[in-house]
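Residue numbers (the numbering used here): 125 to 588.
Note that beta-carbon positions come from the ideal geometry of N, C-alpha and C, so glycine has one too.
These numbers come from a predicted model, not from an experiment.
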């Protein structure tokens, strides 16, 4: 055996077990009590701590404000420290997918500390026609933007409703997932004019310029599109508790629909002066009612995945002239995803570790068909994270290893209770005690496989 992790509380979909894990050639070969584990020269004593599936961030933007080749090592390093073993990068590129996917794959394979996989934005009919080729390249999830013209400044083009229909239909045929950023731009444009005219320029003004019903309206529209085409629908970075109405309708009408939210939407509110314009993001940070409603969705099971919308950028570049209208969109966040869920979810709100594992790993791997990832089972990649649920860590520049291209966190100054101790990717320790110990370039791009007619699991099935 290459590695044995013993004296662990192994977190699986069936429950939490006192056991050990044996690893050979990067794969889990046995899960058993210590007397029944094979011998190995390398043994990690988990000291009775939980060993969870390595976390997967399904929503990451690299190369948006910095060169992709710089963002990859910088972000995957701190992701490893934060307990991530796989990251899903969004390809936002007008060029042919047959060009962008191989190009980014080569860069990622040379620079990543953890494994990566891609999803791609649909920006044109060319991209729709290239969907079969994208599947051959291992990309099976595709993002669609509904908040249209304003994103052209970020070099993101937008399909019209007819192209949405063609894209959804083809993705369904090929066995993929349609991801959608849901906001009604036309309403937001009119409200923005009104809010700007009022003189408001704080974080709350951003929410007021594109309120919750802008998002809710497009979630309904995309759910109907999914019903018409039969395509699985994955709503990215959902902020609204009212999405439950759409999920309930979808469940009753045979629509396979998934909801992702982020730690920012589970913690901050639009009146938070502490983060101010650093919190500018689309969709906006909302109200306490939505925060609490999303936590209830996590407990009830209609929130399926946790992502971060991670986007490396510096504080000085982010804030612009100090008002919400000149501030840039996005913020770093992947590195605190799992620690936040352990601290706020498990320790403060009583969300079981099994549920957190599903939200941060198991569901993401299943929905997006990431092979051999997301759960601790024999035959899967040995992607593991040992966590100390009682370890208190203050979020600051030292904890998150700030760099010249990523120098702030919305959670800066907060103290989390619960933090990863050891992160293992395919049997190799890549991060330990808050430091990177793995090698740049060890992480590899994972090609995904088509998923066809897989029924959406119920919360009971997930937790039983």
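- In this structure, DSSP gives residue 429 an extended state, which the three-state scheme calls strand.
- Judged by DSSP secondary structure, residue 357 falls within the beta strand (DSSP E) whose first and last residues are 357-359.
- With 16 or more other CB atoms across the displayed protein chains lying within 10 angstroms of its CB, residue 199 is buried.
- Across the structure, residue 204 and residue 196 are spaced so that their CA atoms are roughly 12 angstroms apart.
- In this structure, the CA atom of residue 263 is about 24 angstroms from the CA atom of residue 548.
- 551 is the residue among 551, 255, 559 whose C-alpha sits nearest the C-alpha of residue 239.
- According to DSSP, residue 525 shares a beta bridge with no other residue.
- When only Cα atoms are considered, residue 421 and residue 163 end up about 43 angstroms apart.
- The way I'd put it, the segment 188-195 doesn't touch the segment 509-518; fewer than three beta-carbon pairs between them come closer than 8 angstroms.
- Using a C-beta cut-off of 8 angstroms, the segment 387-406 makes contact with the segment 457-466, since at least three inter-stretch Cβ pairs fall below that distance.
- Of all C-beta pairs linking the segment 524-541 to the segment 489-497, fewer than three are shorter than 8 angstroms, placing the two stretches out of contact.
- Residues of the same chain with a CB within less than 8 angstroms of the CB of residue 523, apart from the 5 flanking positions on each side, are 517, 558 in chain order.
- Within the same chain, and ignoring the five residues on either side of residue 362 in sequence, the residues whose Cβ sits closer than 7 angstroms to its Cβ are 383, 384, 385.
- Rounded to the nearest whole angstrom, the C-alpha separation of residue 574 and residue 296 is 10 angstroms.
- As computed with DSSP, residue 265 is found in a beta bridge with 301.
- Distances from the CA of residue 403 to each of 545, 331, 337, 206 were compared; the closest alpha carbon is that of 331.
- Between residue 344 and residue 181, the alpha-carbon positions lie close to 25 angstroms from each other.
- Short of 7 angstroms from the beta carbon of residue 289, and not among the five residues preceding or following it, lie these beta carbons of its own chain, in chain order: 349, 353.
- Per DSSP, the beta-bridge partners of residue 245 are 267.
- Listed in chain order, the alpha helix (DSSP H) elements of length 4 or more contained wholly in the segment 201-240 are 221-235.
- The three-state secondary structure of residue 389, taken from DSSP, is helix.
- Shown here, residue 531 sits in coil according to DSSP, grouped into three states, outside any helix or strand.
- The three-state reading of DSSP puts residue 321 in helix, counting H, G and I together.
- Comparing alpha-carbon positions, the option among 232, 566, 301, 478 lying closest to residue 138 turns out to be 478.
- Of 143, 177, 161, the smallest CA-CA separation from residue 546 is found for 177.
- By the CB criterion at 9 angstroms, residue 454 and residue 185 fall inside the cutoff.
- Sorting 346, 236, 503, 265 by C-alpha distance to the C-alpha of residue 286 places 346 at the top.
- Of the residues assessed, residue 157 falls on the exposed side of the cut-off, its CB having fewer than 16 other CB atoms within 10 angstroms.
- Leaving aside the five residues that flank residue 173 on each side, the residues in its chain whose CB is nearer than 6 angstroms to its CB run, in chain order, 510, 512.
- Take the alpha-carbon of residue 449 and the one of residue 328: they are about 12 angstroms apart.
- Residue pairing by DSSP puts residue 127 in a beta bridge opposite 147.
- Counting only residues of its own chain and dropping the five nearest sequence neighbours on each side, residue 250 has a CB closer than 8 angstroms to the CB of 220.
- Residue range 336-353 is occupied by the alpha helix (DSSP H) that includes residue 353.
- Excluding sequence positions up to five before and after residue 458, its CB lies within less than 8 angstroms of the CB of 181, 184, 199, 202, 203, 206, 208, 211, 432, 434, all in the same chain and listed in chain order.
- The beta-carbon separation of residue 430 and residue 483, rounded to 5 angstroms, stays under the 8 angstroms limit for a contact.
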